[in-house]
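Position in the sequence shown counted from 1, then plus 2, gives you our numbering.
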Amino acid sequence: MTLVVAGHYCPPKPRKTEPKAMTEVSVVKDAVPAADDLVVLKNVNKHFGALHVLQDIDLTITRGEVVVVIGPSGSGKSTLCRTINRLESIDSGDIRIDGKPLPAEGKALARLRADVGMVFQSFNLFAHKTVLENVMLGQIKVRKADKKQAEEKARSLLDRVGVSTQADKYPAQLSGGQQQRVAIARALAMDPKVMLFDEPTSALDPEMINEVLEVMQQLAREGMTMVVVTHEMGFARSAANRVVFMADGRIVEEAVPDQFFSNPRSDRAKDFLSKILHH
3 MTLVVAGHYC PPKPRKTEPK AMTEVSVVKD AVPAADDLVV LKNVNKHFGA
53 LHVLQDIDLT ITRGEVVVVI GPSGSGKSTL CRTINRLESI DSGDIRIDGK
103 PLPAEGKALA RLRADVGMVF QSFNLFAHKT VLENVMLGQI KVRKADKKQA
153 EEKARSLLDR VGVSTQADKY PAQLSGGQQQ RVAIARALAM DPKVMLFDEP
203 TSALDPEMIN EVLEVMQQLA REGMTMVVVT HEMGFARSAA NRVVFMADGR
253 IVEEAVPDQF FSNPRSDRAK DFLSKILHH
């Protein structure tokens with residue numbers, strides 16, 4: 003498959019049979035295309051009881067951009083991610099996807115969620131359905147694809163994420179890394195405008211993390227718009243166009259990866275990086 007990112011030809015890489023240790027993976031990070039705002043959050047606030055988990059959040063994500071959200075536990079990262087497809091409602095503010103406000107409920111919300119792919123840390127596959135059926139289901143139920151078309155697309159996507167030989171197995175028969183790659187294929191099957199990843203590697207054994215990150219890095223190279231909540235700093239350095247650092251429910255700092263990791267502006271970010279990069 004020929005890949006073109008921001009006008010540059012990127013030859014397809016040969017499939018790897020053995021995952022290599024995750025250090026720094028080189029990813030071509032071309033300039034984001036001319037302003038084409040896809041996800042826009044304005045003055046977003048969210049409470050859980052007395053806890054103000056999102057405070058006056060302003061964030062714009064451009065089509066084709068890879069934004070990695072990092073920060074200490076409890077900073078609001080996952081809540082932010084989950085508000086974008088209304089898995090969590092907001093108390094005030096405005097969220098728009100491709101220029102349209104988030105619908106509150108009903109068929110319009112279902113259509114939105116089809117346009118906004120979500121990959122969770124716990125996979126969330128249907129245990130009683132095969133891998134192939136998991137990837138076909140949304141296409142048939144939401145996108146109204148016929149069964150043959152859905153199966154062809156599902157098999158192609160399973161091959162794309164490196165688990166085509168697992169198509170007829172059930173999720174429990176797969177490793178955690180394989181299940182997460184199936185979850186990515188399932189989200190891609192809906193042809194989403196943007197993909198949200200909520201700590202997609204945090205539930206995986208260390209040796210399985212890289213196989214999932216490699217799939218995500220390939221999506222980044224192909225120009226998929228992505229919002230990634232993660233603790234994987236190597237991925238943030240190599241694949242992100244922008245790093246968003248959160249603490250205490252606020253966006254404290256935003257910067258390109260090289261600037262953020264080499265010269266963070268805020269004391270809060272400096273403290274965070276000193277703890278995770280020097281131990």
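Using N, Cα and C, we set each Cβ at its ideal position, and we do this for glycine too. Since we're looking at a predicted model, the values are computed, not measured.
Beta-carbon contacts of residue i that lie in its chain and below 6 Å, excluding the five residues immediately before and after
i, result
"G78", "V55, L56, M248, G251"
"F122", "D200"
Simplified DSSP assignment, three categories, for residue i
i, result
"T64", "strand"
"P208", "helix"
"I86", "coil"
"S94", "strand"
"D161", "helix"
"P259", "helix"
"V55", "strand"
Close beta carbons around residue i, own chain, < 8 Å, minus the five adjacent residues each side
i, result
"Q151", "Q141"
"V29", "Any reading at V29 must be qualified, since the residue scores a pLDDT of 42, below 50, and its modelled position is unreliable; the value itself is stated next. Excluding positions up to five away in sequence, the list reads Q219, A222, R223, S240, A241."
Selection from the options that minimises the alpha carbon distance to residue i
i, options, result
"Q168", "G179, V133, S158", "V133"
"F125", "A185, I59, D93", "A185"
"F128", "K44, G66, R188, L279", "R188"
"R65", "N243, M192, F263", "N243"
"T81", "M120, E67, E107, A106", "M120"
"T227", "V137, N136, D193", "D193"
"G108", "I211, P266, D38, V144", "V144"
"G179", "S75, R162, N212, K171", "N212"
"K131", "D148, S166, Y172, D161", "Y172"
"V163", "A191, G225, D148", "A191"
"G236", "L275, R267, S268, G225", "L275"
Contact test: residue i Cβ vs the ligand PLP heavy atom, cutoff 7 Å
i, result
"V144", "No copy of the ligand PLP occurs in the structure displayed, which carries no ligand at all."
Nearest-angstrom beta carbon gap, residue j and residue i [assumed within contact, 8 Å]
i, j, result
"Q182", "L206", "7 Å"
"L40", "G95", "Actually they do not touch by this definition, with Cβ atoms about 17 Å apart."
"V70", "V245", "5 Å"
"A271", "V254", "6 Å"
Is it true that the segment 229-240 meets the segment 198-215, where meeting means three or more beta-carbon pairs spaced less than 8 Å apart?
-> yes
Is it true that the segment 209-217 meets the segment 90-106, where meeting means three or more beta-carbon pairs spaced less than 8 Å apart?
-> no
Stretch-stretch touch, CB-based, cutoff 8 Å, three pairs: the segment 87-96 with the segment 40-60 | yes
Hey, is the segment 157-167 in contact with the segment 106-120, meaning 3+ C-beta pairs nearer than 8 Å?
-> no
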